[in-house]
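Numbering (the working numbering), first residue to last: 69 to 336.
We treat Cβ as the ideally placed atom computed from N, Cα and C, and that holds for glycine.
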Ligand SMILES: [Zn+2]
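Here you go:
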C-alpha cells in the first residue's frame, strides 16, 4: 500500500493536476502535512499519510538517537509543506523563534521519494534539535547542519568527502573560527557544509552524542574556546582547527562524514 501510494504520486510529478481539491492533507498531534495534488483526491490523501508516517518515524528515531528519549507528544508541532520537483532537492526549516509562533514550518521541494526519506530526515533533525534547544538556546548553525547532514543521501555525502579530499590535498583550508561563529550556513556553500559535517564527525571521535550536544549548549553561553577546553580538552579554536586538519589529512580513505546507513529512502 505504501509503495502504491508512492508510485501514484510519482505520476503526479509529470502530470500535475492544479485542482486545489486534489491536494493532500494529513494531521496528527505532532504534524500538519500539506502535499501537492495527485491525479485523484484518494491518491493525494494516501501520499500525505505516507509523509506523515515517515515524519513521525524520523521524529521518533532522531530524538531517541540524539536525545536518548522521545519528544513529548505535541512538542515542537510542525507544519510540513511538500512541493514536487525532479530537478531540485531542497529543504528549509523555519523553527519557532518567538512566543507568537507556535509551530515550526518545514518546506521540502524534492521528489516524492526524498520527501519521505533523506531530505525529510535532514530537516527533521532541525525540528527535533530546535524543539529540545529552542531559541535563544538554539545550537550553532554549523553544529545543527553537521548533525543534520549525516542523514543526507549517499551522493551528497560522497560529494562532501571529495570536497574535503581536495581541500586537504591543495591546502585550501576554510576558516574554522568564522564557520563556528557564522549565524547561518549558505545552502549553496558546499565547503561550509563539508567542513561543518567533518568537524562534527571529528568531535564525535572524541566524545559521544550527549557530550557533543552539551558542548554546543555550553558554547552558546561561554564561547567556543571554553567549551572546547571543558568537553574535549582542546585549548582553543585554533587548536581545534589544527587537530581537525591533521585528522582529515591522516584519514587513509578520506574523511568519513555521516552514517551511511541513513542513505536509504526511509527510516531504518
Ligand atoms: Zn540543514
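>> Can you tell me which residues fall inside 6 Å of ligand 1, judged by beta-carbon distance to its nearest heavy atom, and keep chain order?
In response: Put simply, the residues with a CB less than 6 Å from any heavy atom of ligand 1 are 190, 194, 213, 216, in chain order.
> Considering only residues of the segment 134-201, which uninterrupted alpha helix (DSSP H) runs meet the minimum length of 4 residues and lie entirely inside it, listed in chain order?
Replying inline: Runs of the alpha helix (DSSP H) inside the segment 134-201: 186-200.
> Distance, Cα to Cα, residue 303 vs residue 217?
Replying inline: Taking the first residue of the chain shown as 1, we reach residue 303 at position 235. Taking the first residue of the chain shown as 1, we reach residue 217 at position 149. Near 27 Å, if we compare the C-alpha coordinates of residue 217 and residue 303.
> Just how far apart, CA to CA, sit residue 301 and residue 187?
Replying inline: The sequence position of residue 301 within the chain shown is 233, counting from 1. The sequence position of residue 187 within the chain shown is 119, counting from 1. Using only the alpha carbons, I get a separation of about 35 Å.
> Does the segment 200-211 come within contact of the segment 171-190, defined as at least 3 CB pairs closer than 8 Å?
Replying inline: No, because fewer than three Cβ pairs between the segment 200-211 and the segment 171-190 fall closer than 8 Å, the two stretches do not touch.
>> Can you confirm whether the segment 262-278 touches the segment 220-237 when touching is taken to mean that 3 or more C-beta pairs between the two stretches lie within less than 8 Å?
In response: Yes, since at least three Cβ pairs between the segment 220-237 and the segment 262-278 fall closer than 8 Å, the two stretches touch.
>> One question on the structure: do residue 143 and residue 194 come within less than 8 Å of each other, judged by their Cβ atoms?
In response: Within the chain shown, the letter at position 75 stands for residue 143. Within the chain shown, the letter at position 126 stands for residue 194. Cβ atoms of residue 143 and residue 194: not closer than 8 Å.
> Identify the residues that DSSP records as bridge partners of residue 101: which are they?
Replying inline: Your numbering for residue 101 matches position 33 in the chain shown. DSSP lists 94, 148 as partners of residue 101.
> DSSP on residue 274, reduced to helix/strand/coil?
Replying inline: One-based indexing of the chain shown puts residue 274 at position 206. Residue 274 falls in the coil class under three-state DSSP.
>> Helix, strand or coil, according to DSSP, for residue 108 in the structure here?
In response: The count along the chain shown starts at 1 and reaches residue 108 at position 40. Here residue 108 sits in coil by DSSP.
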